[in-house]
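Comments concern the structure below.
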Amino acid sequence: MGVVERLRGRRRRAYTVSSGPAAGLKLHPAGASADYAAGDNELPVQRAVQELLSPGDVFYDIGANIGFFALLAAREVGPDGAAYAFEAVAEIAAAAERNAALNDLRNVTVVTAAVSDTDGTAELLLTTHPGGATLAGGQTPPDLRGRRAVDTVRLDTLLAQDRVRPPKVVKIDVEGAEAAVLAGMAGILETHRPALICEFDGPDDATVATAVARFRGRLAGLAYSVRMLDPSYEGSGWQVRHVVAIHR
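The working numbering applies: residue 1 is where the sequence shown begins, and numbers increase by one.
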């Protein structure tokens, strides 16, 4: 068997996460970062998810990718809790469903849609990096590889229709579309006041700092305190930071 065939076989194989808060979970990487399987992926975020959740809680994973954080949350909240994984790219959403099944986590619900401020459809920009897809209307990704129409949903609508339970923690990783996500969950923020974990990234510190400042501004008046988590990607050449917002 050649090198290419061996690598393809590894990508098809399920792993058991070997370390970190997610240790013991089974995971099919499906082309995502190998750090997921090692347990090293975004450790400060993993710890924040673990610390903020208790049995019976509800977790929303917005931009869930292959479901790593949804799986971690589902295990933390137990059978009386729930984890909702929202992923716009259908192939990646299918991988998240497979990973939930691998772990027999029946409290995970995968929603194949982009979370936004409207219920309908929108154009999604696909990227070479499997976790980089974003809704059109913002900055075009540097590794753009295609476009497709996807369904969009407002979290407030889903809750009003009893399709989801009210969240305790919402994790947002939407590549620049944070404003639309927050606008579509304005009622949830005012009524249920979940903790928020949000990722911001860009080519330099100034770009990320501007995005974080805008995020703080959008929460102004809602009595949230915002703090930065320790960096997850030091020395990567692309700036990525995570913040946690807690209602005071």
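Built from N, CA and C at the ideal position, the CB exists for glycine as well. From a predicted model like this one, the values you see are computed outputs, not experimental measurements.
Quiz item: In angstroms, rounded to a whole number, what distance separates the CA positions of Asp156 and Ala113?
Solution: Along the sequence shown, one-based indexing puts residue 156 at 156. Along the sequence shown, one-based indexing puts residue 113 at 113. For Asp156 and Ala113, the distance between alpha carbons rounds to 14 angstroms.
Quiz item: What did DSSP end up calling Glu253 once you bin it into helix, strand or coil?
Solution: Residue 253 lies beyond the residue range present for the chain, which begins at 1 and ends at 248; the question has no answer from this structure.
Quiz item: For Val17, which of helix, strand or coil comes out of DSSP?
Solution: Start at 1 with the first residue of the sequence shown, and residue 17 comes out as number 17. If DSSP states are grouped into helix, strand and coil, Val17 belongs with coil.
Quiz item: Distance, Cα to Cα, Glu51 vs Gly146?
Solution: Counting from one through the sequence shown, the residue named residue 51 turns up at place 51. Counting from one through the sequence shown, the residue named residue 146 turns up at place 146. Between the alpha carbons of Glu51 and Gly146 lies a gap of roughly 38 angstroms.
Practice problem: List the residues that DSSP assigns as beta-bridge partners of Lys171. | Solution: The sequence position of residue 171 within the sequence shown is 171, counting from 1. According to DSSP, Lys171 bridges with Asp61 and Ile197.
Exercise. Can you grab the Cα-Cα spacing for the pair Leu222 / His247, in whole Å?
Key: Residue numbering aside, residue 222 sits at position 222 when the sequence shown is read from its first letter. Residue numbering aside, residue 247 sits at position 247 when the sequence shown is read from its first letter. Those two C-alpha atoms are separated by around 8 angstroms.
Quiz item: In angstroms, rounded to a whole number, what distance separates the CA positions of Val226 and Ala100?
Solution: Here residue 226 refers to the residue found at position 226 of the sequence shown. Here residue 100 refers to the residue found at position 100 of the sequence shown. So the two alpha carbons sit approximately 31 angstroms from each other.
Quiz prompt | Per DSSP, the bridge partner or partners of Thr134 | solution = Counting from one through the sequence shown, the residue named residue 134 turns up at place 134. Thr134 pairs with Leu125.
Self-check item: Three-state secondary structure (DSSP) of Ile246
Solution: Translated into the one-based positions of the sequence shown, residue 246 becomes position 246. Strand at Ile246.
Quiz item: Taking buried to mean at least 16 other C-beta atoms within 10 Å of its own C-beta, is Ala34 buried or exposed?
Solution: Numbered from its first residue, the sequence shown carries residue 34 at position 34. It is exposed - the Cβ of Ala34 has fewer than 16 other Cβ atoms within 10 Å.
Self-check item: CA-to-CA distance, Val170 to Leu159, given in whole angstroms
Solution: Here residue 159 corresponds to residue number 159 of the sequence shown, with the count starting at 1. Here residue 170 corresponds to residue number 170 of the sequence shown, with the count starting at 1. Spanning the alpha carbons of Leu159 and Val170 requires a straight line of approximately 14 angstroms.
Practice problem: Identify whether Val4 lies in helix, strand or coil by the three-state DSSP scheme. | Solution: Your numbering for residue 4 matches position 4 in the sequence shown. Since pLDDT at Val4 reaches only 33, below the 50 mark, its modelled position is unreliable, and the value read off the structure follows with that caveat. Residue state, collapsed to three classes: helix.
Exercise. Taking 8 angstroms as the cut-off, decide whether the C-beta atoms of Gly120 and Gly176 are in contact.
Key: Counting from 1 along the sequence shown, the entry for residue 120 is found at position 120. Counting from 1 along the sequence shown, the entry for residue 176 is found at position 176. No, the pair does not count as a contact, with Cβ atoms beyond the cut-off.
Quiz item: When the distance is taken between beta carbons, is Leu53 closer than 8 angstroms to Glu76?
Solution: Numbered from its first residue, the sequence shown carries residue 76 at position 76. Numbered from its first residue, the sequence shown carries residue 53 at position 53. Yes.
Practice problem: Please look up how many angstroms separate the CB atoms of Tyr36 and Leu43, rounded, as I've assumed it's under 8 angstroms. | Solution: The residue given as residue 36 occupies position 36 in the sequence shown. The residue given as residue 43 occupies position 43 in the sequence shown. The pair is not a contact, with the Cβ atoms about 12 angstroms apart (cut-off 8 angstroms).
Quiz prompt | Residue from Ala136, Cys198, Gly39 and Leu105 whose Cα sits closest to the Cα of Leu125 | solution = As a first step, residue 125 is located in the sequence shown; it is residue number 125 there, counting from the start. Checking every option, the nearest Cα to that of Leu125 belongs to Ala136.
Practice problem: Give the straight-line distance between the Cα atoms of Arg241 and Gly131, rounded to the nearest whole angstrom. | Solution: The residue labelled residue 241 in the question sits at position 241 within the sequence shown. The residue labelled residue 131 in the question sits at position 131 within the sequence shown. Rounded to whole angstroms, Arg241 and Gly131 show a C-alpha spacing of 15 angstroms.
Quiz item: How long is the line joining the alpha carbons of Thr16 and Ala38, rounded to whole angstroms?
Solution: Indexing the sequence shown from 1 puts residue 16 at position 16. Indexing the sequence shown from 1 puts residue 38 at position 38. Approximately 8 angstroms between the Cα atoms of the pair.
Quiz prompt | Own chain residues within Cβ distance below 6 angstroms of Gly202, not counting five before or after | solution = As a first step, residue 202 is located in the sequence shown; it is residue number 202 there, counting from the start. Answer for Gly202: Val208 and Gln239, listed in chain order.
Practice problem: Check whether the Cβ atoms of Leu229 and Ala48 lie closer than 8 angstroms to each other. | Solution: On the sequence shown, residue 229 is found 229 positions in, with the first residue counted as 1. On the sequence shown, residue 48 is found 48 positions in, with the first residue counted as 1. In this structure, Ala48 lies closer than 8 angstroms to Leu229 by Cβ.
Quiz item: So, is Thr118 buried or exposed, given that buried needs 16 or more other C-beta atoms within 10 angstroms?
Solution: Working through the sequence shown from its first residue, we reach residue 118 at position 118. When all chains shown are included, Thr118 counts as exposed.
Quiz item: Taking just the CA atoms, how far does Ala93 sit from Val244?
Solution: Position 244 of the sequence shown, counted from the first residue, corresponds to residue 244. Position 93 of the sequence shown, counted from the first residue, corresponds to residue 93. Cα-Cα distance, rounded: 25 angstroms.
Practice problem: Return yes when the Cβ of Pro21 is within less than 8 angstroms of the Cβ of Ser46, no when it is not. | Solution: Counting from 1 along the sequence shown, the entry for residue 46 is found at position 46. Counting from 1 along the sequence shown, the entry for residue 21 is found at position 21. Note on identity: in this sequence residue 46 is Gln, with Ser being the wrong assignment. Yes, these two residues count as a Cβ contact at 8 angstroms.
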